[in-house]
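Q: My questions all concern the structure below.
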Amino acid sequence: MSNVSYTGAETAAGTFSGGDGIIGFGSGLVLSSGDIADVAGPNTDDSTSTSHGTAGDADLDALASADGMPRATEDAAVLEFDFVPDRDQVFFDYVFASEEYDEFVD
């Protein structure tokens, strides 16, 4: 792995351990549009939020606006890197989670 770069707020990225019984793997990386201090559960507050006032992601803005309606993202936490695989397949374990999801669905 080379050419590793992170763009985002300092408090929006970090590592975790002890996740086996919660998400299915023990340790890893957390990227958040908020503050990673708010990641620890349970989610008992319906308004936890941190706005860093930082830019979103230009590629995601373009995708979200593909229908002609301009949309802008905010507070992106972006990890980019280059790697050269030494096999014909690559696997990643990941979990997408949202503190706000429950507040915005019926």
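Using the numbering used here, read the sequence shown as starting at 9 and increasing by one per residue.
Idealized CB from N, CA, C, for every residue including glycine.
I'd like to know if the stretch 25–33 and the stretch 63–83 are in contact, where contact means that at least 3 CB-CB pairs between them fall below 8 Å.
A: No: the two stretches stay apart, fewer than three of their Cβ pairs being nearer than 8 Å.
Q: To the nearest angstrom, how far is it from the Cα of Ile44 to the Cα of Ala63?
A: Looking up residue 44 in the sequence shown gives position 36. Looking up residue 63 in the sequence shown gives position 55. Near 18 Å, if we compare the C-alpha coordinates of Ala63 and Ile44.
Q: Look up Val98 in the DSSP assignment and give the residues it is bridged to.
A: Position 90 of the sequence shown, counting from 1, holds the residue named residue 98. Val98 is not bridged to any residue.
Q: If we ignore side chains and look at the alpha-carbon of each, how far apart do Gly42 and Gly22 end up?
A: Residue numbering aside, residue 42 sits at position 34 when the sequence shown is read from its first letter. Residue numbering aside, residue 22 sits at position 14 when the sequence shown is read from its first letter. One C-alpha to the other measures close to 12 Å.
Q: Assuming Ser40 and Ala66 form a contact by the criterion Cβ under 8 Å, report the distance between their Cβ atoms to the nearest whole angstrom.
A: The residue you call residue 40 lines up with position 32 of the sequence shown. The residue you call residue 66 lines up with position 58 of the sequence shown. With a Cβ gap of about 19 Å, Ser40 and Ala66 do not count as contacting.
Q: Within 10 Å of its beta-carbon, does Ala17 have 16 or more other beta-carbons around it, so buried, or fewer, so exposed?
A: Counting from one through the sequence shown, the residue named residue 17 turns up at place 9. With 16 or more Cβ atoms within 10 Å of its Cβ, Ala17 is classed as buried.
Q: Compare the C-alpha of Val12 against each of Asp53, Met77, Asp75, Glu88 and name the closest.
A: As a working note, residue 12 is residue 4 in the sequence shown. Selected option, being the one with the closest Cα: Glu88.
Q: According to the neighbour-count rule (16 or more other Cβ atoms, all chains shown, within 10 Å of its Cβ), is Glu111 buried or exposed?
A: Start at 1 with the first residue of the sequence shown, and residue 111 comes out as number 103. Looking at its Cβ environment, which holds fewer than 16 other Cβ atoms inside 10 Å, Glu111 is exposed.
Q: Going by CA-CA distance only, name the one from Arg95, Asp94, Ile31, Asp53 that's closest to Tyr109.
A: Counted from its first residue, the sequence shown places residue 109 at position 101. Of the candidates Arg95, Asp94, Ile31, Asp53, the one whose C-alpha sits nearest the C-alpha of Tyr109 is Asp53.
Q: Measuring only between beta-carbons, confirm whether Leu37 sits less than 8 Å from chain B.
A: Looking for chain B here will not work: only one protein chain is present.
Q: Going by DSSP in three states, Ala63 sits in which element: helix, strand or coil?
A: If you number the sequence shown from 1, residue 63 lands on position 55. Ala63 falls in the strand class under three-state DSSP.
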